[in-house]
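So the mapping is simple: this note's numbering equals the position in the sequence shown, first residue as 1, plus 4.
No residue lacks a Cβ here, since even glycine has one placed at the ideal position from N, Cα and C.
Just so it is clear, the structure is predicted and the values come from calculations on it, not from any experiment.
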Amino acid sequence: MLASYSINVRKRLTDRGRVRPPYMVRIGIAMLQGARHEHCEAIQNAAMEMNVEIEVVELRKRSQVDSSIHGLILPGGESTTMRIASQSESLLDGIFDWITDYPDRPVLGTCAGAILLANPGNNRTSFIDLEVSRNAWGRQRFSFEAQVNVALETPRITHNAHFEIGRDKYNHKPLPMSNQAAKPTEKSFPGIFIRAPRFIEESISCQKVATLNDETVGVIQGSILALTFHPELTNDRRFHRWLIGQAINKTQ
Ligand code: GLN
């Protein structure tokens with residue numbers, strides 16, 4: 005089911021002459037736990053920055069993850085909790101089947117989302133060839149922010165965007181984003197690491213796209229982008245623009 009804010013945005017943006025591709029680009033976000041509402045806001049802002057109209061689909065059950073989804077976000081949070089939350093509606097299974105069925109369609113996995121892609125469980129082989137170590141920077145209080153080096157081509161910003169989501173029917177509202185956290189340059193990105201995992205071994209099929217000092221904190225393999233940090237908690241939406249750009253390119 006579409007969240008009502010998408011409908012409002014669609015109308016407003018259509019009024020403002022936003023580019024509508026020949027079909028509606030639909031981005032699914034796994035609404036299991038964690039920073040999912042922030043991703044909803046970030047992807048809408050990214051679409052505005054690109055002047056593209058999208059539909060955000062809040063994925064809560066397996067049947068929603070079908071061929072009409074062009075790109076997908078697996079948010080960060082707590083991977084164990086996400087696995088448990090997924091059990092009643094088999095959402096993760098549906099998402100993993102969808103990734104297998106549509107290998108060209110882009111996926112953005114952040115933090116716990118990256119852990120799930122590397123270790124999908126249930127005897128599935130991993131979607132990215134790397135070994136990931138959970139909570140490897142230490143406890144919650146050792147969470148930190150640091151500038152990350154990014155080597156990824158992303159669609160440019162052509163329009164200003166400042167879209168805020170109000171409270172939904174579950175009384176959830178995204179965290180306010182601070183502009184100070186995001187002083188991005190082309191190459192550096194404000195990385196927010198919250199009880200983050202570390203990639204301890206990646207195969208050569210993984211392309212490094214984000215590094216912190218010399219350590220890999222973001223990789224692409226095929227159409228899957230896995231980051232150990234939280235881009236949705238900043239005002240720099242380049243990874244979300246990447247997802248939309250890929251979703252348009254790969255499904256036309
Ligand atoms: N520590 C979490 C886990 O192991 C991930 C943290 C996050 O997504 N911010 O699942």
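Sequence-distant residues of the same chain with beta carbon closer than 8 Å to residue i, five excluded per side
i, result
"residue 141", "147, 148, 197, 199, 200, 202"
"residue 133", "206, 207, 209, 210, 225"
Best match in the options for proximity to residue i [C-alpha to C-alpha]
i, options, result
"residue 72", "233, 27, 152", "27"
"residue 231", "159, 58, 138, 173", "138"
"residue 68", "56, 180, 94, 119", "94"
"residue 234", "87, 193, 99, 209", "193"
"residue 152", "74, 220, 83", "220"
"residue 100", "158, 66, 84, 85", "66"
"residue 62", "189, 70, 164", "70"
"residue 254", "166, 75, 58, 55", "75"
"residue 155", "92, 40, 216", "216"
"residue 171", "165, 91, 64, 180", "180"
"residue 150", "157, 218, 91", "218"
"residue 126", "119, 191, 97", "97"
"residue 84", "191, 129, 118, 237", "118"
"residue 237", "222, 213, 195", "195"
Contacting residues, own chain, Cβ-Cβ under 7 Å from residue i (five flanking each side not counted)
i, result
"residue 131", "103, 121, 124, 228"
"residue 226", "107"
"residue 168", "45"
"residue 144", "199"
"residue 176", "41"
heavy atom of the ligand GLN below 7 Å from residue i C-beta
i, result
"residue 88", "no"
"residue 170", "no"
"residue 200", "yes"
"residue 80", "yes"
"residue 38", "yes"
"residue 115", "yes"
"residue 119", "yes"
"residue 127", "no"
"residue 92", "no"
"residue 138", "yes"
"residue 72", "no"
"residue 158", "no"
"residue 84", "yes"
Chain-order list of residues whose beta-carbon lies under 6 Å from that of residue i (same chain, five-residue window excluded)
i, result
"residue 211", "224"
"residue 184", "With a pLDDT of 49 at residue 184, under the threshold of 50, the modelled position of this residue cannot be trusted; read the value that follows with caution. Around residue 184: no qualifying Cβ."
"residue 204", "135, 137"
"residue 5", "Reliability of the predicted coordinates at residue 5 is poor, the pLDDT of 35 falling under 50, and no value is obtained from them."
"residue 77", "33, 43, 112"
Residue j beta carbon less than 8 Å from that of residue i
i, j, result
"residue 251", "residue 110", "yes"
"residue 2", "residue 116", "Residue coverage of the chain in this structure runs from 5 to 256, which leaves residue 2 outside it and unanswerable."
"residue 178", "residue 53", "no"
"residue 89", "residue 248", "no"
"residue 82", "residue 113", "no"
"residue 35", "residue 64", "yes"
"residue 55", "residue 162", "yes"
"residue 258", "residue 242", "Because the chain here runs from 5 to 256, residue 258 falls outside it and cannot be looked at."
Beta-bridge pairing of residue i - partner residues as DSSP gives them
i, result
"residue 151", "194"
"residue 135", "205"
"residue 30", "59"
"residue 225", "228"
"residue 38", "None, per the DSSP bridge assignment."
"residue 77", "33, 112"
"residue 219", "216"
"residue 91", "Per DSSP, none; premise fails for residue 91."
heavy atom of the ligand MN below 7 Å from residue i C-beta
i, result
"residue 217", "With respect to the ligand MN, the structure shown offers nothing to examine, as its ligands consist of the ligand GLN."
Residue-level contact to chain B via CB, residue i, 8 Å cutoff
i, result
"residue 72", "Although the question refers to chain B, the structure presented lacks it and comprises just one protein chain."
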